[in-house]
Every structure is written in structure tokens, then in C-alpha cells.
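Undergrad:
Residue numbers (my numbering): 1 to 186.
Written out as C-alpha cells, the structure reads:
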């Protein structure tokens with residue numbers, strides 16, 4: 001079973017979008033993040049603490065979606081050097097969004113993407129992203145933000161893909177574009 005949402009182009013989201021605060025993760029989030037191992041991601045509390053500490057550096061970001069005190073998801077972005085084996089390009093990457101199943105299709109993935117693009121826009125004029133070729137939900141979301149396919153490969157930045165193929169995408173960031181302008185792209 002893949003770890004990503006089933007693609008349904010007719011899905012319009014939940015009846016009412018979830019109101020969430022998208023914010024940087026803190027050590028107060030360790031227990032809720034560690035609980036994700038029961039749902040979708042297996043990381044120890046120490047792994048999460050290390051990720052939070054690293055997110056305080058200027059080239060890493062770890063966000064959480066706080067829905068009335070519950071951590072409903074997390075997202076990451078960080079700078080990657082050119083990969084020495086598969087030659088994945090150097091740059092800032094959107095490196096994953098995980099949303100608990102009961103909060104999917106409520107706008108959190110889009111909110112995480114907007115927040116991460118805003119963060120990267122302050123550091124670079126382009127952004128990279130890669131996904132499993134079968135993850136059509138994520139791919140469709142990122143296409144709406146102007147991402148374009150660069151290449152397909154079995155391994156990208158050391159990551160292998162179930163089904164054998166990943167896709168590398170790139171988007172140009174207009175440093176003058178506001179959050180609303182980026183969010184409104186068709």
C-alpha cells in the first residue's frame with residue numbers, strides 16, 4: 001500500500017476546510033509527532049527532536065499543522081547539495097508532506113505548500129520537488145503551483161520509488177509574487 005493519498009480528480013475536499021495554524025515545529029510537538037509512527041511515519045522521539053533542532057538552521061524547515069491543539073500533519077523543506085551518485089541538482093527542495101487520513105482533502109497540503117514556497121522564496125529563486133510517479137495527488141497539487149517536470153529516474157537524491165520511477169520537478173519563484181498570487185495559480 002503506498003503511503004500517499006489515492007488520486008481522485010473529482011474529490012472537492014471536505015464540506016468545510018479545516019482551520020489550521022501552520023507553524024514551525026517545536027519541542028512541545030515531540031509527543032504528537034512521535035505518535036505518527038502509529039499512523040503513517042515511523043520515527044523515534046529522538047529522531048523528531050533532531051529534526052526540530054536542525055529546522056532551526058537557515059537551510060531546513062519543519063512545519064506542523066495545528067488543528068485546535070492536535071497535530072494533523074507535518075511538512076518539510078530543505079537545501080540539498082548535488083547528489084554525488086544520481087546527480088540530483090543542488091537547491092531548495094519541498095521534501096514531504098504527511099497529513100493524517102482524517103484531515104486529508106481539507107486544504108492542509110495546499111497550505112503547507114504555500115508556507116514552504118514562501119520560506120524558500122526568501123532564500124532562492126527556484127525550488128525543486130520530486131515524487132513517486134504514481135503519486136498523482138501530490139503531482140497535481142504541485143503542477144498548480146507552476147512546477148514542471150525535469151526528468152524521470154529510478155533514484156533521485158538517493159530516494160528509490162515503489163513502482164520504480166520518480167519524477168523531478170522544478171518551479172521558478174518570482175520573489176515579488178505574494179502568497180495570494182501563488183496560491184491562486186490555476
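For glycine and all other residues, C-beta sits at the position ideal for the given N, C-alpha and C.
Hey, out of 134, 117, 161, whose CA is closest to residue 147's CA?
TA: As a working note, residue 147 is residue 147 in the chain shown. Looking at the Cα atoms, 117 is the closest of the given residues.
Undergrad: Just the C-alpha distance for residue 85 and residue 68, rounded to the nearest angstrom, thanks.
TA: By 1-based counting over the chain shown, the position of residue 85 is 85. By 1-based counting over the chain shown, the position of residue 68 is 68. One C-alpha to the other measures close to 44 Å.
Undergrad: Alpha carbons only, please: which of 157, 77, 50 is nearest the one belonging to residue 112?
TA: By one-based count along the chain shown, residue 112 stands at place 112. Closest by alpha carbon: 77.
Undergrad: Does any heavy atom of the ligand NAD sit closer than 7 Å to the C-beta of residue 157?
TA: In the structure shown, the ligand NAD is absent, as is every other ligand, since no ligand is present at all.
Undergrad: Do residue 72 and residue 99 have their CB atoms nearer than 8 Å?
TA: As a first step, residue 72 is located in the chain shown; it is residue number 72 there, counting from the start. As a first step, residue 99 is located in the chain shown; it is residue number 99 there, counting from the start. Contact flag set, yes.
Undergrad: Identify every residue that forms a DSSP beta bridge with residue 91.
TA: Here residue 91 is taken as the residue at index 91 of the chain shown, counted from 1. Residue 91 pairs with 80.
Undergrad: Alpha carbon to alpha carbon, how far is residue 164 from residue 44?
TA: Against the chain shown, residue 164 aligns to sequence position 164. Against the chain shown, residue 44 aligns to sequence position 44. So the two alpha carbons sit approximately 28 Å from each other.
Undergrad: Assess contact between the segment 47-59 and the segment 22-34, defined as three or more Cβ pairs (one per stretch) separated by less than 8 Å. Is contact present?
TA: Taking 8 Å as the limit for Cβ pairs, the verdict is that the segment 22-34 does touch the segment 47-59.
Undergrad: Could you give the C-beta distance for residue 167 and residue 152, rounded to a whole number, given that I count them as a contact under 8 Å?
TA: Along the chain shown, one-based indexing puts residue 167 at 167. Along the chain shown, one-based indexing puts residue 152 at 152. Residue 167 to residue 152, Cβ: 5 Å. Contact.
Undergrad: Quick one: what does DSSP say residue 160 is sitting in, helix, strand or coil?
TA: For the purposes of this step, residue 160 is taken as the residue at position 160 of the chain shown. Residue state, collapsed to three classes: strand.
Undergrad: In this structure, what does DSSP give as the bridge partners for residue 99?
TA: Taking the chain shown and counting its residues from 1, the one referred to as residue 99 is at position 99. Looking at the DSSP assignment, residue 99 forms a beta bridge with 73.
Undergrad: Taking the alpha-carbon positions, what's the residue 59 to residue 89 distance?
TA: Working through the chain shown from its first residue, we reach residue 59 at position 59. Working through the chain shown from its first residue, we reach residue 89 at position 89. Rounded to whole angstroms, residue 59 to residue 89 spans 16 Å at the Cα level.
Undergrad: In the structure shown, what three-state DSSP assignment does residue 138 receive?
TA: As a first step, residue 138 is located in the chain shown; it is residue number 138 there, counting from the start. In the structure shown, residue 138 sits in a helix (DSSP, three-state: H, G or I).
Undergrad: Taking the continuous beta strand (DSSP E) assigned at residue 53, which residues delimit it?
TA: By 1-based counting over the chain shown, the position of residue 53 is 53. First-last for residue 53: 45-55, but that is the alpha helix (DSSP H), not the beta strand (DSSP E).
Undergrad: Using alpha carbons as the reference points, say which of 107, 82, 92, 83 lies closest to residue 65.
TA: In the chain shown, the residue the question calls residue 65 occupies position 65. Looking at the Cα atoms, 107 is the closest of the given residues.
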